[in-house]
């Protein structure tokens, strides 16, 4: 569920930078979970990443096969709702969603670096 696309495809070079990028992808999914638990976010029911796309059909594709299809074939990510009714927090939620997008992009070379993410989050708070 938290594996970056390059891990799912088996095309990763196990270098420091590559593993660092994998961690940023996973961090994007964790941030998505955190944002969904904010009081101002319109969704209150817990949902794990990609749960909205997973089916539990007996005899159907395995969980791993479904994740591969969702992340690699269909290039989907968990849904982000950028609009919240609370105007005071709307800009922050919108910016956090943009940061999340930057963390889980399919191109590992384009993912946000941790230092940049920390700087941008500090600007929001």
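Numbering (my numbering), first residue to last: 795 to 919.
For each residue, glycine too, the CB sits at the ideal point set by N, CA and C.
On the premise that residue 834 lies in contact with residue 883, defined as a C-beta separation below 8 Å, what is that separation, rounded to the nearest angstrom?
For a cut-off of 8 Å, the C-beta gap from residue 883 to residue 834 is around 4 Å, short enough to register as a contact.
Should the segment 820 to 829 be called in touch with the segment 846 to 853, which here means at least 3 C-beta pairs below 8 Å?
The answer is no - the segment 846 to 853 does not touch the segment 820 to 829, with fewer than three Cβ pairs under 8 Å.
Closest to residue 870 by C-alpha separation, out of 843, 915, 912 and 808, would be which residue?
Closest option to residue 870, Cα to Cα, is 843.
What is the rounded straight-line gap between the Cα of residue 899 and the Cα of residue 889?
Rounded to whole angstroms, the gap between the alpha carbons of residue 899 and residue 889 is 16 Å.
I need the DSSP call for residue 846, collapsed to helix, strand or coil.
Correct three-state label for residue 846: coil.
Which residue from 916, 909 and 866 puts its Cα closest to that of residue 804?
Of the listed residues, the one whose Cα sits closest to residue 804 is 866.
Neighbour-count burial assignment, residue 856, 16 or more Cβ in a 10 Å radius
Result: exposed.
Could you check how far apart the C-beta atoms of residue 908 and residue 818 are, in whole angstroms? I think they sit under 8 Å.
About 7 Å separates the two Cβ atoms, so the contact holds.
Taking the alpha-carbon positions, what's the residue 813 to residue 821 distance?
Going by the C-alpha atoms only, they are around 12 Å apart.
Return yes when the Cβ of residue 893 is within less than 8 Å of the Cβ of residue 885, no when it is not.
It is not a contact, given that the beta carbons lie outside the stated cut-off.
Between the Cα of residue 918 and those of 880, 887 and 868, spot the shortest distance and give me the residue it belongs to.
Among 880, 887 and 868, the Cα nearest to that of residue 918 belongs to 887.
By Cβ distance below 7 Å, which residues in the same chain neighbour residue 809 in space, the five residues on each side in sequence not counted?
Here the set comprises nothing.
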